[in-house]
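Under UniProt numbering, the first residue of the sequence shown is numbered 1, with each subsequent residue one higher.
Idealized CB from N, CA, C, for every residue including glycine.
Quick caveat: nothing in here was measured; it's all calculated off a predicted structure.
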Amino acid sequence: MKVVVTGAKGQLGTDLVDLLSDRGYEVYGYGREELDITNFDQVHQVISKVKPDVVIHAAAYTKVDLAESEPDQAFAINAYGTRNVVVVSEKVGAKLVYVSTDYVFDGTANVPYHEFAPTNPLSVYGKSKLAGEQFVRDLHSKFFIVRTSWVYGKHGNNFVKTMLKLAQERDELMVVHDQIGCPTYTVDLGNCILELIQTEKYGVYHVSNSGHCSWYEFAKAIFEEAGIEVKVNPCTTKDFPRPAPRPAYSVFEHLALRLNGFKAMSNWRDSLRVFLGKL
């Protein structure tokens, strides 16, 4: 099976290329330098030449706060860049995976979001990713929209690495406790995507590690599992104002995975332990 991965140099993309290669797939991974998704002709040329069976679209504009002052850039990449990948993937008959986000929700719920819950993004980033989802639904016939949240892994910047770095510089930290979500390890996310592409069980999927926590609880768990002594103090979102609003509650229910017979995602704390063991 031939698989094209966009955003192959990113946090998830790098792990996806490794996982696919290990499983014997013929992988074509493209970073921004090799494939500018906002350039339709280039997308057409690259994907048409490979004629993949599957395209995993992990490339995205992910600078959440910067997007508030660069909306054109965010929509050019996350909406129209996605459209370009979608149109060409459909043309060559490839299945498509679009990696989306918990930011498509407003975070005002008090029960976990399932795949059919109404979306209502608050930030430019969330709106641009939802626009990408819409192009997938409108223009492709064999798609998996995979929404994920609080992603961390070996490659790229993420909360786990930031906490470990800060622990070397300080013995006391403030971390917000009023945002609740599901941490997700890139390897678990990647393995779930590999399961999906072997099927024709198309649709929207919420893929995160199971269970949930606040950023404060996540930080405490990181230091406990790493055996690092740091005092972590809870604070509120208001104490740390950011340009882009964050969903206060973005806990996922894995309804689609469950009803379509896929195996349950491992608990976030167990996956954190595995990750730190490898790190």
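Same chain, Cβ closer than 7 Å to residue i, neighbours up to 5 away in sequence not counted
i: residue 25; result: 1, 3
i: residue 27; result: 3, 5, 17, 20, 21
i: residue 71; result: 124
i: residue 87; result: 139
Buried versus exposed call for residue i [16 or more other C-beta atoms within 10 Å across all chains shown]
i: residue 48; result: exposed
i: residue 279; result: exposed
i: residue 110; result: exposed
i: residue 95; result: buried
i: residue 264; result: exposed
i: residue 165; result: exposed
i: residue 261; result: exposed
i: residue 191; result: buried
i: residue 209; result: buried
i: residue 20; result: buried
i: residue 108; result: exposed
i: residue 89; result: buried
i: residue 133; result: buried
i: residue 141; result: exposed
i: residue 180; result: buried
i: residue 91; result: exposed
i: residue 199; result: exposed
i: residue 197; result: buried
i: residue 127; result: buried
According to DSSP, residues forming a beta bridge with residue i
i: residue 235; result: 176
i: residue 267; result: 210
i: residue 181; result: 213, 250
i: residue 6; result: 30, 57
i: residue 205; result: 146
Cut-off 6 Å between Cβ atoms - residues of its own chain near residue i, not counting five sequence neighbours on either side
i: residue 34; result: none
i: residue 207; result: 146, 148, 189, 192
i: residue 67; result: 74, 124, 125
i: residue 163; result: 219, 222
i: residue 44; result: 88
Whole-angstrom C-beta distance between residue j and residue i, which should lie under 8 Å
i: residue 129; j: residue 84; result: Contact doesn't hold; Cβ gap of about 16 Å is too wide.
i: residue 145; j: residue 80; result: Between residue 80 and residue 145 the Cβ distance is about 17 Å, and since that is not below 8 Å, they are no contact.
i: residue 188; j: residue 266; result: 6 Å
i: residue 171; j: residue 230; result: 6 Å
i: residue 202; j: residue 153; result: That pair is no contact at about 26 Å.
i: residue 136; j: residue 103; result: Contact flag wrong, Cβ pair sits at about 16 Å.
i: residue 173; j: residue 219; result: 7 Å
i: residue 113; j: residue 253; result: 6 Å
i: residue 64; j: residue 256; result: At roughly 25 Å, the Cβ-Cβ gap does not stay under 8 Å, so residue 64 and residue 256 are not in contact.
i: residue 194; j: residue 23; result: 7 Å
Spatial neighbours of residue i in its chain, beta-carbon cut-off 8 Å, leaving aside the 5 residues before and after
i: residue 156; result: 10, 11, 14
i: residue 176; result: 214, 215, 216, 234, 235, 236, 237, 239, 240
i: residue 276; result: 160, 222, 225, 226
i: residue 106; result: 120, 121, 122, 247
i: residue 6; result: 13, 30, 35, 37, 55, 56, 57, 58, 59, 85
i: residue 211; result: 182, 267, 268, 269
Entirely within the region 94-171 and at least 4 residues each: give me those alpha helix (DSSP H) ranges in chain order. 124-139, 159-169
Extract the residue ranges of the alpha helix (DSSP H) inside the region 15-93, only unbroken runs of 4 or more that lie entirely within it. 40-50, 71-75, 82-91
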